[in-house]
């Protein structure tokens, strides 16, 4: 029997070793392979594991993007040159309900208030409309509606917005601690409806009078014919009817 050459045996050994190494790498997932390659690099070339860790200081979540680009009220000029960050914030803004506000009255003695729009769960539960609009209050009795001129600074610009919220008596006192805000009462709404009904009824009466006058004029016109012509001259009935038509014209 002939013995294989030393180089041939080494070549076959390398092939078998490479096959086993490949099979071992395939059996691992991507993260395990990454850790193995990093540890091999440190083993052969030196260094520290901290050198391969990515800096997470500049990472942003969707919530961070919305906070940076959020607007209390979006205007037409705000929608110009829209980036994907602004589009994400605008998409979130469109999902908010903007009839009543939720208020933060924790710093009412400093005359500083925070307002935000309601989300869907708050609308379903009645928070801000049937419950007190203060975020730390759940009172349901004696709620009053208030209109507040909300002055705020957004993106380095001073802005104003007229917002409406409903508060219990205790939270209403906090809102009006420095000066009284405008209260929206039910009486004013009823008076406005009554005034509207009165104006509509007056218009309908005037219209009825006009219609009666027109009807009287039409009835008079049907029985009037030309006094210069004597009906005896019209022996034919058809000629008489034609004469009435001419007189009416």
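In the numbering used here, the protein residues as written are 1 to 249.
Beta carbons: idealized from backbone N, C-alpha and C, even for Gly.
This structure is a prediction, so every number in the text was calculated from the model and none was measured.
Does residue i come out as helix, strand or coil in the three-state DSSP assignment?
{"i": "residue 248", "result": "Its pLDDT being 38, under 50, residue 248 is placed unreliably in this model, and the value from its coordinates should be taken loosely. Looking at residue 248 - three-state DSSP - the assignment turns out to be helix."}
{"i": "residue 73", "result": "coil"}
{"i": "residue 37", "result": "helix"}
{"i": "residue 85", "result": "helix"}
{"i": "residue 58", "result": "coil"}
{"i": "residue 15", "result": "helix"}
{"i": "residue 48", "result": "coil"}
{"i": "residue 139", "result": "coil"}
{"i": "residue 108", "result": "helix"}
{"i": "residue 20", "result": "helix"}
{"i": "residue 80", "result": "coil"}
{"i": "residue 53", "result": "coil"}
{"i": "residue 66", "result": "helix"}
{"i": "residue 177", "result": "coil"}
{"i": "residue 3", "result": "coil"}
{"i": "residue 121", "result": "helix"}
{"i": "residue 227", "result": "Any reading at residue 227 must be qualified, since the residue scores a pLDDT of 43, below 50, and its modelled position is unreliable; the value itself is stated next. In the structure shown, residue 227 sits in coil (DSSP, three-state: anything other than H, G, I, E or B)."}
{"i": "residue 27", "result": "helix"}
Taking 7 Å as the limit between beta carbons, can you name the residues of its chain near residue i, skipping five residues before and five after?
{"i": "residue 152", "result": "72, 159"}
{"i": "residue 58", "result": "none"}
{"i": "residue 171", "result": "105, 132, 134, 137"}
{"i": "residue 13", "result": "none"}
{"i": "residue 52", "result": "38"}
{"i": "residue 33", "result": "25"}
{"i": "residue 30", "result": "none"}
Below 6 Å CB to CB, which residues in the same chain sit around residue i once its five sequence neighbours on both sides are set aside?
{"i": "residue 253", "result": "Because the chain is modelled from 1 through 249, residue 253 falls outside the range shown and cannot be assessed."}
{"i": "residue 98", "result": "117"}
{"i": "residue 7", "result": "none"}
{"i": "residue 123", "result": "97"}
Mind checking which residues open and close the beta strand (DSSP E) that includes residue i?
{"i": "residue 184", "result": "182–184"}
{"i": "residue 152", "result": "144–154"}
{"i": "residue 100", "result": "97–104"}
{"i": "residue 157", "result": "157–167"}
{"i": "residue 116", "result": "114–118"}
Name, in chain order, the residues that DSSP records as bridge partners for residue i.
{"i": "residue 131", "result": "127"}
So, under 8 Å CB-CB, residue i and residue j are touching, yes? Tell me the CB distance rounded to an integer number of Å.
{"i": "residue 134", "j": "residue 167", "result": "6 Å"}
{"i": "residue 100", "j": "residue 165", "result": "6 Å"}
{"i": "residue 132", "j": "residue 139", "result": "5 Å"}
{"i": "residue 128", "j": "residue 136", "result": "With 8 Å as the limit, residue 128 and residue 136 do not qualify as a contact, their Cβ atoms being about 13 Å apart."}
{"i": "residue 181", "j": "residue 146", "result": "5 Å"}
{"i": "residue 93", "j": "residue 74", "result": "6 Å"}
{"i": "residue 150", "j": "residue 173", "result": "Wrong, their Cβ atoms sit about 19 Å apart, outside the cutoff."}
Using a Cβ-Cβ cut-off of 8 Å (strictly less than) and excluding sequence neighbours within five positions of residue i, which residues of its own chain qualify?
{"i": "residue 154", "result": "71, 72"}
{"i": "residue 28", "result": "36"}
{"i": "residue 169", "result": "142, 144"}
{"i": "residue 95", "result": "119, 120"}
Under 7 Å: does the beta carbon of residue i sit that close to some heavy atom of the ligand SAM?
{"i": "residue 34", "result": "With respect to the ligand SAM, the structure shown offers nothing to examine, as it has no ligands at all."}
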